[in-house]
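Chemist: Below is a structure I'd like to ask you about.
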Amino acid sequence: VPASAERVDLSGRWLLPGLIDAHIHFFQSGGAFARPDILDLRHIRPYADEIAAVQANLRATLGRYLASGITGVVDVGGPLWNFKVRALAQGEAMAPRVAVAGPLLTPYLPPALISADPPMVLISSPAEARVEVRRQAAFAPDLIKIWFVRPTSDLEPVLAWVRAAIDEAHL
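Per this note's numbering, the sequence shown starts with residue 1, numbered consecutively.
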C-alpha cells in the first residue's frame, strides 16, 4: 500500500464488494401483472398500465439496487426503452452501473407481449436477424440476446438465423 494512500479504520464493520445482478429485465416488475404470457391477468390490470408503472418508478428501482448492495446490473433483453434506462442510470448519483440489451431475438413471440415497443422481436430468417441486429446496434447495446424457445422439429432454419445474428453482431 503506498504511504500516501488514505487509510480508514473499519474496526467492527464489514466491507463487502459491490454485487452484480447479471440477469434482470427492467420491463418486468416482478409482480403478478408483469408477464401476461405466463399468467394473463390483463382483465384485472392492463399490461400497458403495468409497463407505465415500471417506467414511472425507474429511479426508485435503481436506488433499491444500490441500497441492496448491487452496484451493477445487466438487463438481458427488453423493449427499446431499455436504452433510456441505461442513460437515466448514467446520469443518476444513486444508480448502479447498467448494461442493457434491446429486444430479444426469438423464433416465438408470445402474443400477450406484442406492443408498439415489444420486449422481443420475432425472427424467421437470416436476413431478418441481420436487420434486427443492425437496428439495435444503432443504440450501442452492451449485448444482443437470442431467446431460443419452442424449437421446431427442424432446427436448421432457426440455427441459420441464429448464426446470422451472431455474425452480424460481431461486425
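A virtual CB, placed ideally from N, CA and C, is assigned to each residue, including glycine.
#1: Excluding sequence positions up to five away, which residues of its chain have a Cβ less than 6 Å from the Cβ of residue 98?
#2: Who does residue 99 pair with in a DSSP beta bridge?
#3: Is it right to say residue 105 is buried, meaning 16 or more other beta carbons lie within 10 angstroms of its own, or is it exposed?
#4: Am I right that residue 37 and residue 113 are in contact with their C-beta atoms under 8 Å? What's the rounded C-beta distance?
#5: Take the Cβ of residue 193 as the centre, count every other Cβ of all protein chains shown within 10 Å, and call the residue buried at 16 or more, exposed below.
#6: If you follow the alpha helix (DSSP H) that residue 20 is in, where does it begin and where does it stop?
#7: With hydrogens ignored, establish whether the beta-carbon of residue 109 is closer than 7 Å to any heavy atom of the ligand SAH.
#8: Among the candidates 169, 163 and 130, whose CA atom is the shortest distance from the CA of residue 140?
Modeler: Based on what the coordinates show:
#1: Within the sequence shown, the letter at position 98 stands for residue 98. The residues are 73, 86 and 89.
#2: Locating residue 99 in the sequence shown gives position 99, where the first residue counts as 1. Answer is 74, bridged to residue 99.
#3: For the purposes of this step, residue 105 is identified with residue 105 of the sequence shown, where counting begins at 1. The residue is buried, with at least 16 neighbouring Cβ atoms inside 10 Å.
#4: Walking along the sequence shown from the start, residue 37 turns up at place 37. Walking along the sequence shown from the start, residue 113 turns up at place 113. At roughly 5 Å, the Cβ-Cβ gap stays under 8 Å, so residue 37 and residue 113 are in contact.
#5: Past the boundaries of the shown model lies residue 193; the chain is included only from 1 to 171, so the question cannot be answered.
#6: On the sequence shown, residue 20 is found 20 positions in, with the first residue counted as 1. Taken as a continuous stretch (DSSP letters only), residue 20 belongs to no alpha helix (DSSP H), being part of the beta strand (DSSP E) at 19-24.
#7: No copy of the ligand SAH appears in this structure; indeed no ligand is present at all.
#8: As a first step, residue 140 is located in the sequence shown; it is residue number 140 there, counting from the start. Residue 169 is the option with its Cα nearest to residue 140.
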